[in-house]
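Numbering (the numbering used here), first residue to last: 14 to 772.
We treat Cβ as the ideally placed atom computed from N, Cα and C, and that holds for glycine.
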């Protein structure tokens, strides 16, 4: 714009022209720019005395120029700033002549600090001596705040990454944990490191209370840097409710005046360990309380994650650390559950193996006595410290086996067994189990000790029980079809962990297996007694005494199955001083075979009254077999002997030939057998000869020469060999030698043996 005369604007026009205002400002004294610049200007002498200062800096500090001129710049700095000015800033100016962007805090007149960035140049004379220091200060409040926020964000990111690494390491380490102790080691070490704690401990719930209102028992599994006394005092202070109370959330126990007043013992233990507070982290899985992680903190260190918004004695945890601790607690709980399931699977396998081994052991045992003793040995090697097995007898409850895992304890148990009263106390666990027909489980140590003391017969008995340190008892009755057969009692001492429900179940399975074995053995014993009675009634009486004749008979029952069979022998005096002999073997090995044998022996005796020859006797039996009503077929060998002349006649119905021992030699007589009794009739051939004086005739059944592991021909050859070495013996000794060398402890068939010597 121009004036009326085309020249410069005048008056108001010029005042409203921005370009004119700018020109005027540019033409003003440069001192205005210095005084009102957006930064502070200072000029100081080499010793720091302020020689010149602008109004901007005065406004920042709240002081007038008159207050600042002549004062030292060091007086305007914080304590740390003064030290830095003397030790770093001045030396740098001397060496470099200038400094740039030095962070310093300027002290305002109200005592607050103003963050600034300092730039300074040292002016020198021609000789290099310092003349003046010109300094420029920029306010850095926003920058400082930004830097702090940036550092805080960086720190949070680093801490978040560190927590993530901690969780990853915990997950990785827990994946390899196989036992609760392994889990405890990982979680204690990692939790302690994450908290930078003085110490840490993992306390787990042991077992489950029978009554839901009862509180669980707690047991420290791993402790690093936390004393046993401190853990004990903590559990006492919590009244055994540590896991129950703290499962509601993460808790803190602070060493303060209130704790010293309410829980002086806990406070003293914390002070003794140098602990200022305890952080309690719940360990759980699927809402199941498993225990707590106890973290002990001491005096705070630089960098600890504590809340800056809530200062005080309690040192609240940073929310991020709370999340980390919750995660550690959950990871530990899941790992413990996995370990528990693995341990249950392993223990189930062990229990199954134990029961299979017990079944094999009972199957291999020879009798009930050996069974219960070997079973008791197995139990104390795998399941309990003491195993006592009592069986019901005609005279009441009798102790059949008592075993202790330790030889020293076995000696005490033997003495205790000797002191056992004939009639036991009705409150004895074994007596109660048998009377009530159900398992008695004393899992409370105090209850177990009290009961064992109550059933003691006298002071010595009570003292022996105390020395054995038994305090846990499980008694399981042995019952089959309502019959009470005995009781199995397991005992645990103070060092053994409590019996679990799974262990009691194994004891019940064991008692069931044993009861079945005992029941079968008792039934077999009854049948054996019955068979012995039947056998004794069916076998003939001792051979009659005949002049010039020495006779011996033997009968051995098979060892497999019922002790009765169809083998028999007989010696009968006939008219005319003759002697009839017979051996036979009814097919089968049972009560029917034995009954058939008794009938056949009676029929044979009846048919021998008129003194028929052996061949005639075989023919009569063959023709009349159906009329006799005999249910089984049989083989038989019949012979007659005239003692005066030695005349000998023999006929065979499908039986093995007799053996003749004479003059140190043994041979089978060539008796040709006809068909066995009960088969279609066929003429019998009779062998006739003479039995020399001193010779012995041996009649036997096939049980003497037959075995499952060898052919019968080999058995016959073996019989000849043994008989040849024993021909000089009398009939009884000859029979004993043959049985001793040709038979063993286990026989699959009966043996009937008849030896007759002509003197």
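- In this structure the region 509-527 touches the region 484-499; the number of beta carbon pairs closer than 8 Å is three or more.
- Secondary structure within the region 605-676: the beta strand (DSSP E) runs of 3 or more consecutive residues, fully enclosed, are 647-654, 660-666 and 672-675 (chain order).
- One thing to note: residue 674 has its Cβ within 8 Å of the Cβ of residue 740.
- Sequence-distant partners of residue 121 (beyond 5 residues in either direction) whose C-beta falls short of 8 Å from its own C-beta, in its chain, are 73, 74, 75 and 127.
- Secondary structure of residue 129 (DSSP, three-state): strand.
- Cβ-Cβ distances below 7 Å link residue 242 to 282 in the same chain, with the five nearest sequence neighbours on each side left out; the list follows chain order.
- The region 643-652 makes no contact with the region 716-733: fewer than 3 CB pairs, one atom from each, lie closer than 8 Å.
- When the five nearest sequence neighbours on each side are left out, the beta carbons in the same chain lying within less than 6 Å of the beta carbon of residue 729 are those of 718, in order along the chain.
- Look at residue 487 here: in three-state DSSP terms it is strand.
- Taking a cut-off of 8 Å for Cβ pairs, the region 617-624 and the region 679-695 do not touch, as fewer than three such pairs fall below it.
- With a threshold of 16 other beta carbon atoms within 10 Å, residue 67 meets it and is buried.
- The three-state reading of DSSP puts residue 106 in helix, counting H, G and I together.
- Per the coordinates, the alpha-carbon of residue 703 lies some 9 Å from the alpha-carbon of residue 655.
- For residue 357, the uninterrupted alpha helix (DSSP H) run begins and ends at 332-377, by DSSP.
- With fewer than three CB-CB distances shorter than 8 Å, the region 475-495 does not count as touching the region 365-378.
- With respect to the 8 Å criterion, residue 294 and residue 309 are not classified as neighbours on the basis of their beta carbons.
- Rounded to the nearest angstrom, the Cβ distance from residue 402 to residue 414 is 4 Å, consistent with a contact under 8 Å.
- When only Cα atoms are considered, residue 532 and residue 378 end up about 15 Å apart.
- By DSSP's assignment, residue 54 forms a beta bridge with 149.
- Sorting 311, 292 and 444 by C-alpha distance to the C-alpha of residue 404 places 444 at the top.
- Residues 71 of the same chain have their beta carbon placed closer than 7 Å to that of residue 77, with the five preceding and five following residues left out of the count.
- Within the region 402-460, the complete beta strand (DSSP E) segments of 3 residues or longer fall at 409-417 and 453-455, listed in chain order.
- Counting only runs of at least 3 residues, the region 271-303 fully encloses the following beta strand (DSSP E) elements, listed from N- to C-terminal order: 290-298.
- Residue 580: member of the beta strand (DSSP E) spanning 580-587, first to last residue.
- When 247, 154, 197 and 300 are compared, the shortest CA-CA separation from residue 125 is found for 154.
- The beta carbon of residue 89 is closer than 7 Å to those of 74, 119 and 120 in its chain, skipping five residues each way along the sequence.
- The three-state secondary structure of residue 204, taken from DSSP, is helix.
- The beta-bridge partner set that DSSP reports for residue 136 consists of 145.
- Under the three-state reduction of DSSP, residue 713 is assigned to strand.
- Comparing C-alpha distances from residue 712 to each of 727, 664 and 696 shows the shortest one belongs to 664.
- By the criterion of at least three beta-carbon pairs nearer than 8 Å, the region 160-169 is not in contact with the region 204-215.
- Just so you know, the alpha carbons of residue 380 and residue 534 end up roughly 7 Å apart.
- The closest CA to that of residue 511, considering only 396, 140, 189 and 706, is found on 396.
- A direct Cα-Cα distance of roughly 44 Å separates residue 240 from residue 160.
- Residue pairing from DSSP places residue 700 in a beta bridge opposite 663.
- Annotation: residue 143 to residue 64 spans about 14 Å, alpha carbon to alpha carbon.
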